[in-house]
Amino acid sequence: MALYTETVMDHFMNPRNVGQIPDADGVGEVGNAKCGDIMKMYLKIENGVITDVKFETFGCGSAIASSSMATEMIKGKTVEEALAVTNRQVVDALGGLPAHKLHCSVLAEEAVKSAVKDYYDKNGIAYDKEAFPCDHDCEACRMV
Ligand code: FES
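Numbered per my numbering, the sequence shown spans residues 9 to 152.
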């Protein structure tokens with residue numbers, strides 16, 4: 009069996025929604041402590057609905073495919089629906105990832121959450137801080 013599904017290869021070779029949104033309502037940047045890869049996510053939000061999303065990923069093919077799929081999954085959804093998207097759902101939508109590449113999909117889930125958090129912060133919307141990835145680099149994370 010091939011290491012990567014056709015869907016993974018498709019999203020890696022032809023990633024959807026690559027780029028930036030200059031006037032984004034929320035921008036999130038997350039890094040993977042294990043490999044140093046970085047993902048940046050831009051959200052345009054109108055009336056609580058994600059009307060546009062773009063990403064930049066400086067990372068492996070699985071991270072690129074995961075972020076591409078994640079953007080497709082959250083576009084047109086409410087902010088709450090986007091927050092409910094898990095890396096497991098992204099992996100399932102990709103038809104699976106090799107076990108040693110599952111951590112790459114976590115970056116996609118965290119990038120979405122980080123961008124929503126930025127949107128909440130900019131608009132003074134209260135939220136449960138525990139539900140979001142931490143946004144600072146600390147010793148505990150580097151040891152993951
Ligand atoms: Fe770094 Fe995949 S190896 S995100």
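From the three backbone atoms N, C-alpha and C, an ideal C-beta is built for every residue, glycine too. The structure displayed is predicted, hence computed values, not measured ones.
Around the beta-carbon of residue 25, 16 or more other beta-carbon atoms lie within 10 Å, marking it buried. Between residue 95 and residue 75, the gap from beta carbon to beta carbon reaches 7 angstroms or more.
The continuous stretches of alpha helix (DSSP H) do not include residue 37, which lies in the beta strand (DSSP E) extending over residues 34 to 39.
In this model, residue 68 and residue 44 are separated by some 10 angstroms (Cα to Cα). The bridge partners DSSP lists for residue 63 are 26, 49. Within 10 angstroms of the beta-carbon of residue 118 lie 16 or more other beta-carbons, which makes it buried. If you compare the alpha carbons of 40, 33, 22 with that of residue 141, the shortest gap goes to 40. Residue 62 sits close to residue 50, with the two beta carbons spaced by under 7 angstroms. In this structure, DSSP gives residue 58 an extended state, which the three-state scheme calls strand. Taking all protein chains in view, the Cβ of residue 12 is crowded by 16 or more other Cβ atoms within 10 Å, so the residue is classified as buried.
DSSP places residue 86 in the strand class (E or B) of the three-state scheme.
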